[in-house]
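The structure appears below as structure tokens.
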Amino acid sequence: MKCIIKDMNNCIIMAKNENHQIECADSVLFKKIFDSITEGNVELATDELLFQEEVKEFIGSLDTETKDTETNPKMNYLQIDKENKLNSKNRAIMYSNDQSVIHIKNCSINYLKNKFIDKNMKNNIFVFELFNDFIISGYNSCLYCLIERYKESIDNILKINNMEYELTNTSSSKQQVGYIKAIANYKLKNKMKNIDIINKSNLSEINTFPIINMNNCTFCSNKNKVMHSINLSLSNENNGKNYRYLNVDMAWNELEKYVNRVGPVNQLNDLSNLDSLNFHVYESISNCSIDEVEYSIHGGKGVDQSSALVSAVGEALERYNARMFGNEEIIVGSFNSLNKSFTVLNPKSLIIDNNLLDKYDNNNEYEWILSKDISTNNNILMPANTVFFPYYPKQKNHLLISQSSTGLASGFTIEEAILSGIFEVLERDAYTIYHKNRLYYGEIPEEVYFQKLKRLISKLKEENIQPIIHYLKTDLNVHIVHCTLFDTKNNFPIYTHGSNCSLDIISAIEGAILEAIQLRTSQISLKYLNQEHIDQEYKAYIEWGRGNIRYVKPFLNKTNPNYIVDFNDYRTGSIYSNIKYLVTNLSELGYKVIVADLSRSDNKLKTVKVVIPGFQDIDDFNLRLSDRMYLIPDYLRMKKEVNNLPMFS
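Using UniProt numbering, the first residue of the sequence shown is number 1, and each one after it goes up by one.
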């Protein structure tokens, strides 16, 4: 017999005919005593000898139990080692009422998805060998959710190697299989529901997680996702708070559970040390389909570690929720035909992409989502293209605009998410207009914000980083701020930027500075890549980092500055009232605020897409220029200077 440590409180005993998982108070001590008895070459300390007889008795009982097991097996063990070995006899075992451990290897992921997701097989424990992993299901686990979660966690590998339909596992030894079988039998006997993932290279490291069921699984839920059921209210949780419902620690307690190897967020990496500033910046990676791999990496930042973690995981869950899962209620039809039965948003108000091969036509069929116009509280059809991120229609001619995440936002209440989404639309509208017209309204001197943000500003100055804060005035009574961070020692990145919108000036300035700090990390990461292989969309990151004044010019201080020092506080005392204030402000200018609820049943984060038709979105290629591009400079009586350089966004 052989003893292997599983974790601090469990060991695996590998006997001649069967393996056993053993609970013990101290697995290291148990193994030491076990080895001293079975191998005789381990010297025990005096205090350790006290437990020797107890372990001897246990080994004796194990021998007896093993002999009994040889004549009276308690459970079935079925191994399927090739796709063509799933015969009628094996099927009968899987569908019988007897509990079984079913070990499957040398099968492709696609084959597993097609053959082993039947809910009638839930009484079994399944062991899948995929790549270099053993995956052990929980008792009554939904196999569709388990396989899909695992597949999505490695979709970057599957996409690169086109391996979804290929046999994917490495070979395993008899000892490894025996070890895994012992764990599976123990889980079956005790009806344990968590799943385990064990890498073949390190059997002692067992990753155990609860399985989070997929929101689109037809076995776990048969409900279609609707997106117009939005009812705003001045509820207790939103009253007395202006922007966020939960404090940072409470928010992290809610979000942490979604981060695991097969969770909606499968990786969380600390990038703080990439930048000499050492501010808290994290990278998060969300589960995604093969088509969505390029949109699966996200970032988060904060004044402290908890804030940065919440930001990073919240961003990843937000993008996860914004995907198309296939269970959404989508209406297909033309604008002219649907307009007879619904209120329909005219796609032309979204500034259709002029570069699309298939030109928009009111008589052509497109995909639509029933959403809510919160300006009037009425339902309205909105193009699916502007709701989901990313959007991959079944027919390419359903595309109206390029992919955009503007207005995508999250929170722990629907009101919190909507407020954040409105802020983002207003911020990107202003930043794009100021960038493309090279506008300068005024600068905010340090005296306005230093005392409130003393710790943040002092840290930047210690590292020779100078914040340059510009005010981006538009036709709305909000505060939109742009921050340029300038490295006075000319270290890369010499310049970086961030922008933010809020109802009080300090929150707007702090948000813009933190956004810039996060983007510094992105620039530093790009610096080490082969410049020839960097996508055109990241050209501005490099040029700002190198100090190319042509790119940065609109956001540098002027020789004769216009200082702005007086600011109103537009906060109303509740998230709900802040939304009503903004919606009223926009309505008076003739703009609608349309919201689609993208929240999913497999996580508690509320996610929305906010669209304000007519507002300017980020536009690198000057293909979606709104009327506001010209109206705002005229409204402010400011001189325009055309800027066609790529945007830093």
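We treat Cβ as the ideally placed atom computed from N, Cα and C, and that holds for glycine.
If you're wondering where the values come from, they're calculated on a predicted model, not measured in any experiment.
Between N336 and the set G326, Y366, H479 and L309, the nearest pair of CA atoms involves Y366. Setting aside the 5 residues that flank it on each side, L338 is surrounded in the same chain by I331, V344, W368 and L381, each with a C-beta closer than 8 angstroms to its C-beta; the list follows chain order. With a 10 Å radius around the Cβ and a threshold of 16 neighbouring Cβ atoms, Q403 comes out exposed.
Secondary structure note for H228: it is in no alpha helix (DSSP H), with a DSSP letter that is neither H nor E. Straight-line spacing of the CA atoms in D133 and V593 works out to 48 angstroms. In the DSSP assignment, L456 falls within the alpha helix (DSSP H) that extends over K454 to E462. Contact check for K257 against H280 fails: the beta carbons are separated by 8 angstroms or more. V127 is bridged by DSSP to H103 and I136. Apart from sequence neighbours up to five positions away, the residues of its chain that approach I352 with a beta-carbon distance below 8 angstroms are Y360, L400, I401 and R624, ordered along the chain. For T584, the enclosing alpha helix (DSSP H) starts and ends at I575 to E588. Between S307 and V248, the gap from beta carbon to beta carbon is short of 8 angstroms. When S626, N578 and F615 are compared, the shortest CA-CA separation from L234 is found for N578.
Residue state for N76 is assigned as strand, using DSSP reduced to three classes.
Annotation for K527: F492 and G545 place their beta carbon closer than 7 angstroms to its own, counting only its chain and skipping 5 residues before and after. In this structure, Y635 places its C-beta atom within 8 angstroms of the C-beta atom of D475. Taking a 10 Å sphere around the C-beta of A184, we find 16 or more other C-beta atoms and assign the residue as buried.
Out of Y186, Q175 and L529, the CA that lies nearest to the CA of F126 is found in Y186. Comparing alpha-carbon positions, the option among E315, S171, I147 and I4 lying closest to F389 turns out to be E315. In this structure, the straight-line span from the alpha carbon of D26 to that of N242 is close to 50 angstroms.
Here the C-alpha atom of N10 lies approximately 54 angstroms from the C-alpha atom of P467. Rounded to the nearest angstrom, the Cβ distance from L309 to W252 is 6 angstroms, consistent with a contact under 8 angstroms. Where L485 is concerned, the enclosing beta strand (DSSP E) starts and stops at H479 to D487. Around the beta carbon of M629, 16 or more other beta carbons lie within 10 angstroms, which makes this residue buried. Under the rule that a run must span 4 or more residues, the alpha helix (DSSP H) segments found entirely inside the segment 412–451 read 414–437. Pairwise C-beta distances place the segment 631–648 out of contact with the segment 256–276, as fewer than three of them are shorter than 8 angstroms. Distances from the CA of Q518 to each of I135, G299, D429 and F131 were compared; the closest alpha carbon is that of G299.
Counting along the chain, M629 sits inside the alpha helix (DSSP H) bounded by residues R628 to L636. Scanning its chain for C-beta atoms nearer than 8 angstroms, with the 5 sequence neighbours on each side dropped, one finds around E443 the residues I468, I469, H470, Y471, N557, K558, P561, N562, Y563 and I564, in chain order.
With 16 or more other Cβ atoms inside 10 Å of its own Cβ, I418 counts as buried. The C-beta distance from V608 to D597 rounds to 6 angstroms, short enough to meet the 8 angstroms contact threshold. By the Cβ neighbour-count rule, K31 is buried, with 16 or more other Cβ atoms within 10 Å of its own. Here the alpha carbons of E129 and V101 stand approximately 13 angstroms from one another. Secondary structure of N548 (DSSP, three-state): coil. DSSP places V565 outside both helix and strand once states are collapsed to three, so it counts as coil.
Contact between V28 and I12 fails: their C-beta atoms lie close to 14 angstroms from each other, not under 8 angstroms. Here D373 is buried. Its C-beta has 16 or more other C-beta atoms within 10 Å.
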